[in-house]
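**Q** Starting off with a structure, shown below.
Encoded structure:
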C-alpha cells in the first residue's frame, strides 16, 4: 500500500512539472520517469531493510 502512495505522489510531481513546462519533450519526460522510479525503488528497498 505504501508503494502505491509513493507511485501516486511521484506521478503527481511529474504531471505538475509537465504542466508547468519544466518538462518540455518526450525524451525529458521518459528520463524523469526513469529517474523517479529508480529513486522510489531505492526508498522502498531501504524501508523494507529497515523493517
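In the numbering used here, the protein residues as written are 519 to 569. We put the CB at the ideal spot given by N, CA and C, even for glycine.
Where does residue 574 land, buried or exposed, given buried means 16+ other C-beta within 10 angstroms?
**A** Examination of residue 574 is not possible in this model, given that the chain is present from 519 through 569 alone.
**Q** Pull up the CB-CB distance for residue 546 and residue 532, whole angstroms please, since I reckon it's below 8 angstroms.
**A** Their Cβ separation, rounded to whole angstroms, is 11 angstroms, which puts residue 546 and residue 532 out of contact at 8 angstroms.
**Q** Using only the alpha-carbon positions, how far apart do residue 561 and residue 526 sit?
**A** 14 angstroms
**Q** Anyone know if the C-beta pair for residue 558 and residue 524 falls short of 8 angstroms?
**A** yes
**Q** Using the C-alpha atoms, what's the distance from residue 564 back to residue 538?
**A** Answer to the nearest angstrom: the Cα atoms are 31 angstroms apart.
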